[in-house]
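In the order they appear, the protein sequences are chains A and B.
The letter at position 34 of the first sequence is residue 129 when you use my numbering, and the numbering goes up by one with no holes.
The letter at position 134 of the second sequence is residue 180 when you use my numbering, and the numbering goes up by one with no holes.
Where is the CB? At the ideal position from N, CA and C, for every residue including glycine.
Some notes on the structure that comes next.
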Amino acid sequence: MKKVRIISRLDVKGPNVVKGINLEGIRVVGDPNVLSEKYYLDGADELLYVDVVASLYERNNLSHIVERAASNLFIPLTVGGGIRSTEDILTLLRSGADKVSINTSVIKNPNLITEAAEIFGSQCIVLSVEAKKINEGFWEAYIDGGREKTGINVLDWVKKAVDLGAGEILLTSVDKDGTKSGFDLDLLREVSKIVDVPIIASGGCGSINDIIRCLTETSVDAIAIATVLHYNLLSINQIKKELFNKGFPVRL
Amino acid sequence: MKTEVGIVDIGLGNIKSVIHLLIKLNFTVRLISSISDLDGLSVIILPGVGAFGDASKKLFSTKLFDGLKQFVSKGGFLLGICLGMQLLFESSQEFGFHKGLGFIEGKVNKFDISLVKQVPHIGWNNVNFNSKEDSFRKLVNNSDFYFVHSYYVLTKEKDFVIATCNYNGFEFPAAVRKGNVFGFQFHPEKSGAAGIKLLKQFFVLVGVKNE
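Written out as structure tokens, the structure reads:
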């Protein structure tokens with residue numbers, strides 16, 4: 096049976112892993128290589144690296160971190176932030192990434208999704224969505240690391256993107272990010288109704304109970320967590336053991 | 047002296063992980079991008095990310111298509127991973143009709159979303175090894191391995207299916223072996239400890255020393 100994935104998310108700024116609240120106000124929390132290895136050894140199912148200042152430098156700068164991770168961490172690596180073209184994607188895959196996560200560029204040019212999926216396969220292309228709740232049933236898509244609004248309805252956008260070839264969705268709640276107040280369950284449920292690709296829930300985890308609620312009340316495929324790991328509130332091993340004891344399918 | 051293992055590199059995706067895992071297992075690596083790179087090797091890995099059509103075309107244009115067939119007929123061992131395993135079969139329908147290496151009878155089909163509920167099949171799933179390759183079964187039977195694919199192989203040659211995986215009630219071949227040709231649908235180089243154990247055993251099976 097397919098297992099629920101516990102993904103460790105590392106937002107990277109230059110040489111550091113950082114963490115913010117509502118995708119801003121970032122603080123340095125550690126070294127990407129040290130943290131990655133720790134989470135790998137602790138049982139992380141995947142590692143997700145996001146370059147949070149890529150738009151400032153107009154490119155993704157995580158190749159070296161990915162190379163290092165690929166050399167000794169034998170689990171899937173996803174990289175995002177500032178990816179603009181299929182050349183960028185190829186560079187990251189050749190560095191050791193297995194999947195790429197893209198937001199800003201595909202909002203501006205949705206055809207990039209199809210172009211990339213045709214060359215690399217849909218399973219390689221993760222649509223990253225930063226969703227901010229506007230009112231009941233309506234979330235607005237943000238770009239540029241949660242800095243810029245687009246006026247686009249998330250529910251319309253995810254359907255279009257999956258039709259174009261996105262193989263997976265990384266769904267981040269801008270409202271919940273870093274707050275430890277639980278995931279945006281409505282958002283996750285609404286998007287699940289619309290698309291048939293795996294959804295990775297991101298933003299808001301503060302406890303194992305938040306994860307249990309998310310898995311029980313939505314059909315997401317994976318959980319991406321950051322705050323609880325980087326601030327040593329929970330460990331992956333601890334999370335998985337508890338999920339296993341409660342009957343959830345996890346890889347131990 | 048370390049044994050050299052070949053990895054087919056047709057420029058389409060992440061092969062770094064396979065390279066690094068082989069190095070970790072104490073082999074040296076030769077990247078293969080044309081037919082002349084095949085000389086003197088006894089084991090070759092055909093990794094795979096991307097689309098069947100692109101990969102198939104690249105294998106043709108580099109003459110590796112025939113090169114790999116000759117390599118196997120002369121006794122070389124070939125391991126296809128993910129797309130690489132699919133390329134071992136006869137054909138695929140991904141973005142059009144494309145020809146595979148044809149070592150094993152069968153076709154590559156897209157998962158039927160009405161059966162499996164979600165495509166691609168992404169994530170960790172347990173693999174059931176059968177007694178056709180008992181050493182794998184004894185080592186890692188029922189362990190979780192990492193899958194990331196939208197297509198699976200459909201073959202009448204059940205004798206060559208050495209492991210299966212169940213995805214939401216749909217069973218498909220997870221590993222195959224026909225003579226010198228092996229295939230893993232999952233990524234052993236992305237499957238943590240289980241993958242490392244399996245690959246180590248693969249090299250033991252094919253008689254390649256790693257010291």
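- Excluding its 5 nearest sequence neighbours in each direction, S330 of chain A has C-beta neighbours in its own chain below 6 Å: D137, listed in chain order.
- Within a 10 Å sphere around the beta-carbon of R104 of chain A sit 16 or more other beta-carbons, which makes this residue buried.
- Between A319 of chain A and I102 of chain A, the CB-CB gap stays under 7 Å.
- Between D83 of chain B and chain A, the shortest Cβ-Cβ separation is not below 7 Å.
- Between A221 of chain B and chain A, the shortest Cβ-Cβ separation is not below 7 Å.
- Of the residues B:H66, B:A101, B:T49, B:I53, the one whose Cα lies closest to the Cα of K236 of chain B is B:H66.
- Residue A:P293 holds the alpha-carbon nearest to the alpha-carbon of V162 of chain B among A:L282, A:P293, A:L265, A:Y144.
- If the five residues before and after K70 of chain B are omitted, its C-beta is found closer than 6 Å to no C-beta atom of its own chain.
- Membership of T173 of chain A in any alpha helix (DSSP H) is not indicated; the residue belongs instead to the beta strand (DSSP E) covering 172-175.
- Among the bridge pairs identified by DSSP, P219 of chain B is matched with B:T210.
- At least 7 Å separates the CB of G241 of chain A from every CB of chain B.
- Straight through space, the alpha carbons of L134 of chain B and K120 of chain B are spaced by roughly 17 Å.
- For H144 of chain B, the nearest beta carbon of chain A is not closer than 7 Å to its own beta carbon.
- Distance between D55 of chain B and T311 of chain A, taken at the CA atoms: about 43 Å.
- At least one CB atom of chain B sits nearer than 7 Å to the CB of R346 of chain A.
- Among the residues facing chain B, K97 of chain A is included, as its CB has a counterpart in that chain under 7 Å away.
- With its beta carbon less than 7 Å from one in chain B, Q218 of chain A belongs to the interface.
- By the 16-neighbour rule on beta-carbons within 10 angstroms, Q116 of chain B is exposed.
- Look at V75 of chain B here: in three-state DSSP terms it is strand.
- Contact check for G299 of chain A and S268 of chain A: beta-carbon distance about 6 Å, within the 8 Å limit, so the pair qualifies.
- If the five residues before and after R179 of chain A are omitted, its C-beta is found closer than 7 Å to the C-beta atoms of S200, all from its own chain and listed in chain order.
- With respect to chain B, the C-beta atom of P127 of chain A has no partner C-beta closer than 7 Å.
- Residues of chain A with a Cβ closer than 9 Å to the Cβ of S196 of chain B are, in chain order, G216, S217, Q218, G262.
- Judged by beta-carbon spacing, H325 of chain A lies within the 7 Å limit of V124 of chain A, meaning their Cβ atoms are closer than that value.
- Taken residue by residue, none of the segment 222-251 of chain A has a beta-carbon sitting less than 7 Å from a beta-carbon on chain B.
- V186 of chain B places its beta carbon less than 7 Å from that of K243 of chain B.
- Using a 10 angstroms sphere on the CB of K194 of chain A, the tally of other CB atoms reaches 16 or more, which defines it as buried.
- When 8 Å is used as the limit between beta carbons, R100 of chain A is near these residues of chain B: G169, W170, in chain order.
- Residues are counted here when their Cβ sits less than 7 Å from a Cβ of chain A; for the segment 177-201 of chain B these are D190, Y192, V194, H195, S196, given in chain order.
- Here the segment 123-132 of chain B lies against the segment 222-231 of chain B, with 3 or more beta-carbon pairs under 8 Å apart.
- Residue environment: S190 of chain A is assigned as buried (16 or more neighbouring CB atoms within 10 Å of its CB, all protein chains considered).
- DSSP places H66 of chain B in no beta strand (DSSP E) but in the uninterrupted alpha helix (DSSP H) bounded by 62-70.
- Here G130 of chain B carries a helix assignment [DSSP, helix/strand/coil].
- Using a Cβ-Cβ cut-off of 8 Å, A165 of chain A is close to N60, K62, S63, H66 of chain B, given in chain order.
- Here R100 of chain A is bridged, per DSSP, to A:A317.
- Between the alpha carbons of Y135 of chain A and N332 of chain A lies a distance of about 10 Å.
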